[in-house]
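Residue numbers (this note's numbering): 115 to 215. Glycine residues also receive a C-beta, built at the ideal position from the N, C-alpha and C atoms. All remarks here apply to the structure that follows.
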């Protein structure tokens with residue numbers, strides 16, 4: 115596990131000693147765990163980033179939107195990007211159906 119960041123806050127040594135049953139029990143007792151059954155994944159799609167890379171821009175968002183995403187922890191800008199990408203792809207798909215070539 116040397117490739118993992120040491121500053122993640124995870125005690126990898128302790129985690130590595132746990133059995134699958136212990137890990138499953140901790141997951142089951144965690145109130146933040148979401149049961150991801152077949153229905154949950156029914157409409158899931160893998161969205162990979164475009165190869166063009168990122169472009170730095172300056173934007174202004176409402177403070178509560180920024181607070182919401184920041185409250186989710188590290189990677190909030192990537193999450194915002196993923197949500198915008200999902201919306202963009204859905205809109206492009208919608209436009210394609212409304213205006214076929």
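Neighbourhood of residue i by C-beta, 7 Å cutoff - its chain only, sequence neighbours within 5 removed
{"i": "residue 174", "result": "none"}
{"i": "residue 147", "result": "141"}
{"i": "residue 171", "result": "none"}
Collapsed DSSP secondary structure at residue i in the structure displayed
{"i": "residue 186", "result": "coil"}
{"i": "residue 158", "result": "coil"}
{"i": "residue 283", "result": "Residue 283 cannot be examined here, being either before or after the span of the chain that is shown, 115 to 215."}
{"i": "residue 124", "result": "coil"}
{"i": "residue 201", "result": "helix"}
Contact check, residue i vs residue j, beta carbons under 7 Å
{"i": "residue 194", "j": "residue 182", "result": "no"}
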